[in-house]
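Chains as they are written, first to last, in the numbering used here: chain A, 1242 to 1481; chain B, 1242 to 1481; chain C, 1242 to 1481; chain D, 1242 to 1481; chain E, 1242 to 1481; chain F, 1242 to 1481.
Number of protein chains: 6
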Amino acid sequence: MRPSGRQPEQTREIQLIRDYTRHAEGSVLVAFGDTQVLCNASVEAGVPRWLRGKGQGWVTAEYGMLPRATHTRGAREAARGKQGGRTLEIQRLIGRALRASVNLRKLGEFTITVDCDVIQADGGTRTASITGGCVALVDAIRHLQREKLIKGDPFKQLVSSVSVGVYKGTPVVDLDYPEDSAADTDMNVVMTEGGGLIEVQGTAEAAAFSRAELDTMLDLAEGAGAELFARQREALGIRA
Amino acid sequence: MRPSGRQPEQTREIQLIRDYTRHAEGSVLVAFGDTQVLCNASVEAGVPRWLRGKGQGWVTAEYGMLPRATHTRGAREAARGKQGGRTLEIQRLIGRALRASVNLRKLGEFTITVDCDVIQADGGTRTASITGGCVALVDAIRHLQREKLIKGDPFKQLVSSVSVGVYKGTPVVDLDYPEDSAADTDMNVVMTEGGGLIEVQGTAEAAAFSRAELDTMLDLAEGAGAELFARQREALGIRA
Amino acid sequence: MRPSGRQPEQTREIQLIRDYTRHAEGSVLVAFGDTQVLCNASVEAGVPRWLRGKGQGWVTAEYGMLPRATHTRGAREAARGKQGGRTLEIQRLIGRALRASVNLRKLGEFTITVDCDVIQADGGTRTASITGGCVALVDAIRHLQREKLIKGDPFKQLVSSVSVGVYKGTPVVDLDYPEDSAADTDMNVVMTEGGGLIEVQGTAEAAAFSRAELDTMLDLAEGAGAELFARQREALGIRA
Amino acid sequence: MRPSGRQPEQTREIQLIRDYTRHAEGSVLVAFGDTQVLCNASVEAGVPRWLRGKGQGWVTAEYGMLPRATHTRGAREAARGKQGGRTLEIQRLIGRALRASVNLRKLGEFTITVDCDVIQADGGTRTASITGGCVALVDAIRHLQREKLIKGDPFKQLVSSVSVGVYKGTPVVDLDYPEDSAADTDMNVVMTEGGGLIEVQGTAEAAAFSRAELDTMLDLAEGAGAELFARQREALGIRA
Amino acid sequence: MRPSGRQPEQTREIQLIRDYTRHAEGSVLVAFGDTQVLCNASVEAGVPRWLRGKGQGWVTAEYGMLPRATHTRGAREAARGKQGGRTLEIQRLIGRALRASVNLRKLGEFTITVDCDVIQADGGTRTASITGGCVALVDAIRHLQREKLIKGDPFKQLVSSVSVGVYKGTPVVDLDYPEDSAADTDMNVVMTEGGGLIEVQGTAEAAAFSRAELDTMLDLAEGAGAELFARQREALGIRA
Amino acid sequence: MRPSGRQPEQTREIQLIRDYTRHAEGSVLVAFGDTQVLCNASVEAGVPRWLRGKGQGWVTAEYGMLPRATHTRGAREAARGKQGGRTLEIQRLIGRALRASVNLRKLGEFTITVDCDVIQADGGTRTASITGGCVALVDAIRHLQREKLIKGDPFKQLVSSVSVGVYKGTPVVDLDYPEDSAADTDMNVVMTEGGGLIEVQGTAEAAAFSRAELDTMLDLAEGAGAELFARQREALGIRA
């Protein structure tokens, strides 16, 4: 039995609120249950130095957690003077995932930075960030098109993400914090609408996991993906 | 004429939403018009090293701005590896202001940290932070009392803050960003309900200001204070 | 009774020694009693990146305290790896104050950096820094004129600063350390010769202060200003 | 055809040289072809603060790359003043993987730090680090037993790691740098001798990968695992 | 011919002004001609962690240069966020040199930190720092004795330092900046009154130097030492 | 009697293995007995900003120590966030020494960086780094010539280095760690083949040393130099 009473294959309530703040070219508040992340996509002319003159754009992400997004207050990374390893690892993952949504050549020499800031955490902040960040990214691309700053459409495909794990021996999807902190295995899956895999990151927390368990978890992720892509399309007004 | 069409003595719409997130002992979203700041007050047992064994508590504040709270994206301070001078100056001001609300002796050896994170900026983020942070602080103190962690009541008085300035020759209150960026003089005032002054920080941006202008600005701040204290009491369910 | 035996409206002995070191374009040792600050103004061609091509110059300040300028040794900021919040706040104040002395358009694309390094501290280091820094700044401007690097005169007006506060219930001017550490209210005022105000920063350390106390303190500052401007003019050989 | 002429299921030559340096309690030079990593396991009494008094030990890893381990010189992280995101991500992975080898309760209050420093890089430095680091870790545990610092045997199981990927459409194992930089998909797998999975980290570099490709890649990793565990047992003098 | 007109064996005018500032237990302004360094010796109870419980004290030094001590302004190390290699090298040298003056066992568990801050630089700042720092150190020791914080006398011997070099083919002593920046060889020598050597640091800037040149330079340093020790004894009121 | 049984004038076994790793333009493993340092010389087009357009090249060095190169594990400098004073001092010494080998004008606008990373430490890591680094530097220069990137020969002379010291009253050469940690005096000498001195850095650890002892130590260094230059020439295939 899951602490929340959910079925193993049941995600939390997913919300995607567009235009959440007014300055960003794309601004989405994503909620996976009590996990809330503000995803702001910012468009800037130019690309990082190492990409200059290559005729392509860049998509990157930064991740942060408000100090009291969690049960106990965490030290502010700006005050500690550096981003922790977990933060860097997560923002690298988000960036890679979101780049799978975009044809960088068609983006032209623009950089889109997607800031994912966790307002409230209850497990799954990186998967929510990817799912919400992708919607913000689409809005930023639409802004570029509307402003006629680019020709053509650099948008390739929607990308979404969900966690799966083995909790008390049962594979379950979209773990909340009580499940996440007690799970034997924890896996984050990033998917495309067409059923392709972008990232699979599985970690045995206690005992090793088997190929069979891996398969069951991937099935769960695939099932949840249908729900996530529906929510993204709905938010963006895209037909399936 | 103010860009927003407001009268010189008219503040923006002030909102104070308590229990905005679920983990913090006090959590308030404060809005001064389009300026939105999340103020989370966290209670931790113990005090900083230099206060240990002195039989008193501590109240402090930290301030941050989400990278895209502003018109153009600002670099993330955690990524740059340090908090800027403006950030440090603001959080020192908020901390001093909030300590005027509390009898630190009666607080006992607890530290309350008030994190003020700007979700959306449109001028006046420090005054909104103080005004909202004070409400979050009261909730954190109530938590300590409810949990019977302290005896007595360390709460002394409400504290609120508003900006005043001279915009195109006219003294006005609660400047928004278009006014703030064009003002000749900019002053932040922190007040108590009884009409006392906690902080007065006036800066001539272009020409010097006169004693007469200072007086007019303080009158405006005092007037706005009535409104701010009413909103704080209303939010907290305190009678005047 | 003040610890030093001074009258409430009496400043400490003010000294301004020009050409104190030999490399800087302006070099002034300023003493407010036992508080001694070396103010070196350095001229450099060019302006910060964000000002380039705007046809104007820049004036900025940096502030530091020798580790043993104070009663007990403070950690060296260079060794700790960052400037503290107090340091950044003070140098931002000094910079803003000194810019009120200069017409940046007439300065041309030069940057003048005024380094204020505290040799010995006894209260009022920031007000001494502004008062002495302004004299060093004038010398740096004269250097630019003498070397025919600029045409016209970017100097606008003298700026000086003094602290006022409420010590044991009595408003006093130019607080020394024993007063400063015991004062109920502490205010730093930056003024122009014409009686204008550039900065007013008042802080209630213990109890709030009233409008009436604020007025008395501003009167005291104004009175001390006459003395400070006389010393600046005298040092610079300017007639009143 | 692979650039090295290897078969898809063929690893590079694997070497594990124990006692490579003389100070560390476990010191192993591991080579996966031209990739060479020095893995030094250091035993220190005590555990990190957050584990004190819990009656268990700790195993952690740090990872570094000599500046000229790669084709072009990379900046020295010590000189840049921080470890990059890639470094932190890799050392977190190595640490998690190695902890799967050890019963931390039986380790007692000792910390074993495994430093993995890349002498020469040609792809697969993290998988070599885990495979070699595990052997160094076993030597460090044997040291604790030999010195009678612990009773019982905290060693649980060997852990090894290999990369798999899709290179020009063909799934291959143990990618070298030319393959790695051109691969469509790149996956690192950490395994136990019993066939269990500890970590699976797959990333689509260009196109998404399918469940079928994932399965083929895991088969390849499993096959290489047999070779890796044989080399580890051989180096340590353990019978299968 | 030396730029200053001095003879090869002639030092600049040496001044040692004690009690230069009022807070430090030892405070000496040392001048070697136009090079001026403020040396403040601070006494603190306790020793660094690695010396605790060993029944001995510690003497250490920190070195800094005011940003405009030099011809052109140097970046403030506190603002850059770290001390440069040159600074660290110099303060390590000063610390080692000064420890030769003291019997650390007899000092007891006190730390004396000698801060050497360069007010004005004209070559030889490290040798002036050692020479002046030693006098400040003696004053700090006397303070400990006067306050009866220690028994016995930890002072062992005076230590002084001077630079020597080969300038346009001629060995000279106590190089000023014009000589220093043009010298073929530059050597700093730290000596005891008894003719012993504490540090010899010679560097060929252009061509290598010979054993014969080294000998001549050491003779020059020895000659200057007589002058330096006389000045130190004179300042401290010690008979030869 | 030396702990190793060596004669006072006897160096440890010196090894210089060229082409130790495959990416660097010059790669030498140098061993002075158990002290092993990997010296990689990297060629990069361009020079530091302050040398641009001056028609010359640059040679610099960086130094690092693997965390477990020593008896007890040292903190990783990259993780601590800065290079220590000892590291910076050593790499500045190595850089100066190696520049004595090269005619920077003839090098053209190339930078050669020599990374000296200590794999195993047993005293004398800086002298081994210079001796091995010089061989790597020669290989890097040969690479530039072979690739016809420069005309002419920027190589001037071989440079080598050895430590000397007074151990239990006897001057000895090439101190290993047990000698180094107990020596009264420690001196590092950098020499040219022609008998010239590049650097002499002598430090009294306990008692001061005399001119006579200095002379004896320099004689020992000169004697060892013959051996070191022979090994360098042998490794490089240069006739005496």
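Each residue gets a CB set at the ideal place from its N, CA and C atoms; glycine is no exception.
Using 10 angstroms around the beta-carbon of S1422 of chain A, count the other beta-carbons present and answer buried if the total reaches 16, otherwise exposed.
exposed
Beta-carbon neighbours of E1330 of chain A, restricted to chain D and to distances below 8 Å
G1326, L1329, E1330, R1333
Does the contact criterion of 3 or more C-beta pairs under 8 Å hold for the segment 1357-1367 of chain E versus the segment 1393-1401 of chain E?
no
Within its chain, find whatever has a CB closer than 6 Å to the CB of V1405 of chain E; leave out the 5 residues flanking it on each side and keep chain order.
V1414, M1428, M1458, L1461, A1462
On the premise that D1356 of chain F lies in contact with P1308 of chain D, defined as a C-beta separation below 8 Å, what is that separation, rounded to the nearest angstrom?
5 Å
Taking 8 Å as the CB-CB cut-off, is P1249 of chain B touching chain A?
no
From C:P1289, C:Q1332, C:R1290, C:G1294, residue whose alpha carbon lies closest to that of M1306 of chain C
C:Q1332
Just to confirm my understanding: we take V1270 of chain F, look at its own chain, exclude 5 residues before and 5 after, and list those with CB closer than 6 Å. What are they?
According to the sequence shown, residue 1270 of chain F is Leu rather than Val. Same-chain partners within the cutoff: I1258, Y1261, L1279.
Mind listing the chain B neighbours of I1371 of chain C? Cutoff is C-beta to C-beta under 9 Å, in chain order.
Here the premise fails: no neighbours, minimum Cβ distance about 13 Å.
List the residues of chain E that E1440 of chain F touches, going by C-beta distances under 9 Å, in chain order.
Q1442, G1443, T1444, A1445
Boundaries of the alpha helix (DSSP H) in which Y1261 of chain C is found, first to last residue
It is not in any alpha helix (DSSP H) - Y1261 of chain C carries neither H nor E in the DSSP assignment.
In terms of DSSP beta bridges, what is P1412 of chain F paired with?
F:V1407
Just to confirm my understanding: we take E1454 of chain D, look at its own chain, exclude 5 residues before and 5 after, and list those with CB closer than 8 Å. What are they?
V1407, P1412, T1426
For the segment 1281-1288 of chain F against the segment 1316-1327 of chain F, are there 3 or more C-beta pairs whose distance is under 8 Å?
no
Cβ-based neighbour list, S1268 of chain A, same chain, cut-off 8 Å, excluding 5 preceding and 5 following
R1259, D1260, Y1261, T1262, L1279, C1280, N1281, A1282, A1377, D1380
Report the residues of the segment 1302-1320 of chain A with a CB closer than 9 Å to any CB of chain B, ordered along the chain.
E1303, G1305, L1307, P1308, R1309, A1310, T1311, H1312, T1313, R1314, R1317, E1318, A1319, A1320
State buried or exposed for K1323 of chain E, treating a residue as buried only when at least 16 other CB atoms are found within 10 Å of its CB.
buried
According to DSSP, is I1439 of chain C helix, strand or coil?
strand
Determine the chain A residues that contact L1455 of chain D at a beta-carbon separation under 9 Å, and present them in chain order.
L1438, V1441, L1455, L1459
Counting only Cβ pairs nearer than 8 Å, list the residues of chain D close to Q1361 of chain F.
T1262, R1263, H1264
Check the Cβ of D1275 of chain E against every Cβ in chain H and list those closer than 8 Å, keeping chain order.
Any reference to chain H falls outside this structure, whose protein chains are A, B, C, D, E and F.
For a quick check, are the C-beta atoms of K1397 of chain B and V1431 of chain B less than 8 Å apart?
no
With a cut-off of 8 Å, does the C-beta of S1451 of chain C fall near any C-beta of chain B?
yes
Using a threshold of 8 Å, state whether the C-beta atoms of F1351 of chain D and G1298 of chain D are closer than that.
yes
In whole angstroms, give me the CA-to-CA distance for T1366 of chain D and Q1277 of chain D.
8 Å
Chain F partners of A1341 of chain E, CB-CB under 8 Å?
A1445, A1449
Verify whether the separation of the beta carbon atoms of E1440 of chain C and L1399 of chain C is less than 8 Å.
no
Give me, in chain order, the residues of the same chain whose beta-carbon lies closer than 7 Å to that of S1370 of chain C; leave out the 5 immediate sequence neighbours on both sides.
V1278, C1280, Y1304, I1335, C1357
Check whether the Cβ atoms of R1474 of chain F and A1481 of chain F lie closer than 8 Å to each other.
yes
Cβ of T1433 of chain B within 8 Å of any chain C Cβ:
yes
Please report the residue range of the beta strand (DSSP E) in which L1270 of chain B lies.
1267-1273
So is K1323 of chain F in contact with chain E if we call contact Cβ pairs under 8 Å?
yes
Straight-line CA distance for A1456 of chain E to R1340 of chain E?
It should be pointed out that residue 1456 of chain E corresponds to Asp in this sequence rather than to Ala. Straight-line Cα distance between these residues: approximately 26 Å.
Along the chain, where does the alpha helix (DSSP H) that runs through D1456 of chain F open and close?
1452-1477
Counting only beta-carbon atoms, is R1337 of chain F nearer than 8 Å to chain E?
yes
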